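This is the structure we're talking about:
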């Protein structure tokens, strides 16, 4: 494998085996995050974004969740071959995760500095006093006066709580940070503050960041590369510029067209028709074909392979089967 | 502004809540009007009082003071019985289609309930026809009539909520964050539907949201709230092209745009919204404002007209 990847996921398949059927959450999912970069994983509810984040830390609730096959490689080590004891040493130390909802990610009965100190005592083997001191430094770093470390989560606003969660995640200087919709629960002005802060801290700590979000605006703001996920598969991947300026997959096109355009206020929105497919009963062939405006007979029968537009930008769509990217296949609102 | 076209007029509306720390000024002296068939977007961040305003207007919450005139009639003067009749004309669509539907009622029962309760339709087969017609109007297949909310996805659930609101054939609908809980591709479907219904039935909307790109797409006029106060109001284009209040400017600049070109200069506000409990009579935005000066901390700015239809409350505009 390429040593420059902070995270390399290959052919990952995750299922939830429920009484009503097998939910195929991830199907041959792959993803590469270059060291020190930020990769945006964008998709809608139920696409498998959060399952991806949880799989990396081996936190999929089992049962019903099962990682069927694949590899998740960080630093040349396959996490799927680790024991639970070994994973405990990895979580919070080498890989940290920020969850969407800061209201439930914090423990309501402990003051926040104790919650930050906890991982420092566990991973860095600091004694309590040193850990608390470091915790207070972390609070200052995320823009909270250290005196407030003695307060409980309910005494903080939503934006402040998310800052505390970020402080916990960064306390042991992880190499890889997974942020699952970190700003979705926040107001726009607070979101702008938190994104700005994450950008700075990422530079300072040289952390690689996997940014999971449904918001293309957030992606444009903070990411270097983008992977678009649909029904458990990455259907398009490339640099920010590739995906935003040359979107190739009809689903990517649909996502852009669904957004109200601030420059063209009266334009009627062009939603993607239909709904996400039922993950218990995924269509054969391309999972997107029932909603696709460009569907061809082959789409129904065969899963599309990768077609590369550049070395780094690929799309899984039969429209580009012969590698012909020169013609414009899809129409983006212009 | 032509007074006679206004379907809804709100004059000096206040809603205070008693808390252990003192009076919480959720909605503090706001006034606006909406013309028939138009949409007013009410925007602001969590806790600014926008949802409380929407609920107070429908008297789902009793106002502390102020006037609510609907088609010329004072809503506050109505008795409980009269108000119930009036509710036919004034409906609401809630944010969360997961908690605003009764989990033990089928789609059919949910839509039929207001029709029965208001005694509009008594005949059973007529009722069935009406419910199916409403389901068609909002794009729900007839086969879904016996489904329970947990069997429906978010977009369909919101369609049930819209059908329920439309059942009364209302003139006015308060839409409280109707698409915030939905995915973008579904969000666009619902927004298009609401727009079509407006054109078709001549509906008047009060569209409450924190999502500025949605409100911009949807509204004729936009009012911005901050800590219970209405701080700026203008036609949608005017507000986006020429925001005057420093908070409006920051809010607009904070929208993350899904575009690479045209990166705007971002105004990052410091600090967070202050407490709405017993606010001092000064500018409520003063502690976060980039242009704050002495007067902002000693006096409360009032709404002033800066150009036709554009009002703002900020000393800088004077």
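Protein chains in written order, with the working numbering: chain A, 1 to 334; chain B, 1001 to 1318. Ideal Cβ placement from N, Cα and C applies to all residues, glycine included. Predicted, not measured: the structure shown is a model, and the values here were computed from it.
Please report how far the alpha carbon of residue i lies from the alpha carbon of residue j, in whole angstroms.
i: residue 144/A; j: residue 21/A; result: 47 Å
i: residue 200/A; j: residue 1209/B; result: 30 Å
i: residue 1222/B; j: residue 100/A; result: 30 Å
i: residue 1035/B; j: residue 1174/B; result: 14 Å
i: residue 1274/B; j: residue 150/A; result: 21 Å
i: residue 46/A; j: residue 1154/B; result: 12 Å
i: residue 1027/B; j: residue 1284/B; result: 13 Å
i: residue 289/A; j: residue 299/A; result: 6 Å
i: residue 54/A; j: residue 60/A; result: 6 Å
i: residue 305/A; j: residue 1070/B; result: 60 Å
i: residue 258/A; j: residue 268/A; result: 9 Å
i: residue 7/A; j: residue 41/A; result: 13 Å
i: residue 167/A; j: residue 1207/B; result: 37 Å
i: residue 1052/B; j: residue 1200/B; result: 29 Å
i: residue 154/A; j: residue 294/A; result: 50 Å
i: residue 1100/B; j: residue 1007/B; result: 26 Å
i: residue 92/A; j: residue 232/A; result: 26 Å
i: residue 1066/B; j: residue 1218/B; result: 28 Å
i: residue 1136/B; j: residue 1142/B; result: 7 Å
Would you check if the distance between the CB atom of residue i and the CB atom of residue j is smaller than 9 Å?
i: residue 38/A; j: residue 292/A; result: no
i: residue 1257/B; j: residue 176/A; result: no
i: residue 1138/B; j: residue 1166/B; result: yes
i: residue 1170/B; j: residue 1090/B; result: yes
i: residue 1188/B; j: residue 229/A; result: no
i: residue 221/A; j: residue 255/A; result: no
i: residue 1059/B; j: residue 1083/B; result: yes
i: residue 161/A; j: residue 120/A; result: no
i: residue 1227/B; j: residue 1049/B; result: yes
i: residue 213/A; j: residue 235/A; result: no
i: residue 1047/B; j: residue 1277/B; result: no
i: residue 1268/B; j: residue 1250/B; result: yes
i: residue 125/A; j: residue 117/A; result: no
i: residue 1063/B; j: residue 1015/B; result: yes
i: residue 27/A; j: residue 282/A; result: yes
i: residue 226/A; j: residue 209/A; result: no
i: residue 1303/B; j: residue 1212/B; result: no
i: residue 65/A; j: residue 83/A; result: no
i: residue 9/A; j: residue 57/A; result: no
i: residue 123/A; j: residue 172/A; result: yes
i: residue 98/A; j: residue 19/A; result: no
i: residue 1032/B; j: residue 1010/B; result: yes
i: residue 1037/B; j: residue 1097/B; result: no
Let's test the definition: count the other Cβ atoms within 10 Å of the Cβ of residue i and tell me whether it reaches 16, buried, or not, exposed.
i: residue 142/A; result: buried
i: residue 1001/B; result: For residue 1001/B, the predicted structure reports a pLDDT of 44, less than 50, and the residue's modelled location is therefore unreliable. A value from the coordinates is still provided. Result: exposed.
i: residue 163/A; result: buried
i: residue 74/A; result: buried
i: residue 96/A; result: buried
i: residue 1291/B; result: exposed
i: residue 1039/B; result: buried
i: residue 109/A; result: exposed
i: residue 1163/B; result: buried
i: residue 1012/B; result: exposed
i: residue 1194/B; result: buried
i: residue 336/A; result: In the structure displayed, chain A extends from 1 to 334; residue 336/A sits before or after that span and is not available.
i: residue 1216/B; result: buried
i: residue 1321/B; result: Look at the range of chain B in this structure, 1001 to 1318, and you will see that residue 1321/B is not part of it.
i: residue 318/A; result: buried
i: residue 264/A; result: exposed
i: residue 218/A; result: buried
i: residue 1190/B; result: buried
i: residue 1280/B; result: exposed
i: residue 1310/B; result: buried
i: residue 17/A; result: exposed
Give me whichever residues DSSP pairs with residue i in a beta bridge.
i: residue 1299/B; result: In the DSSP output, where bridge partners are listed per residue, residue 1299/B has none listed.
i: residue 230/A; result: 233/A
i: residue 21/A; result: 18/A
i: residue 1107/B; result: DSSP, once it has assigned bridges, lists no residue as partnering residue 1107/B.
The ligand ADP and residue i: does any heavy atom of the ligand fall closer than 8 Å to the residue's C-beta?
i: residue 1232/B; result: Ligands displayed in this structure: none; no statement on the ligand ADP is therefore possible.
Name the residues in the stretch 1250-1279 of chain B whose C-beta lies less than 7 Å from a C-beta of chain A; which are they? 1250, 1251, 1254, 1255, 1256, 1257, 1258, 1259, 1260, 1266, 1268, 1269 and 1272
Interface residues of the stretch 178-210 of chain A facing chain B [CB-CB below 8 Å]: 187, 188, 189, 190, 191, 192, 193, 195 and 196
If you measure beta-carbon to beta-carbon, which residues of the stretch 1302-1314 of chain B are closer than 9 Å to chain A? none
When you check each C-beta in the stretch 1168-1192 of chain B against every C-beta of chain A, which residues fall closer than 8 Å? 1183, 1184, 1185, 1186, 1187, 1188, 1189, 1191 and 1192
Which of the residues in the stretch 1035-1068 of chain B, read from start to end, lie with their CB under 8 Å from any CB of chain A? The stretch 1035-1068 of chain B vs chain A, Cβ under 8 Å: 1045 and 1046.
Give, in chain order, every residue of the stretch 87-121 of chain A whose Cβ lies closer than 7 Å to some Cβ of chain B. Of all residues in the stretch 87-121 of chain A, none places a beta-carbon less than 7 Å from a beta-carbon of chain B.
Closer than 9 Å, Cβ to Cβ, to anything on chain A: give me those residues from the stretch 1138-1160 of chain B, in chain order. 1153, 1154, 1155 and 1156
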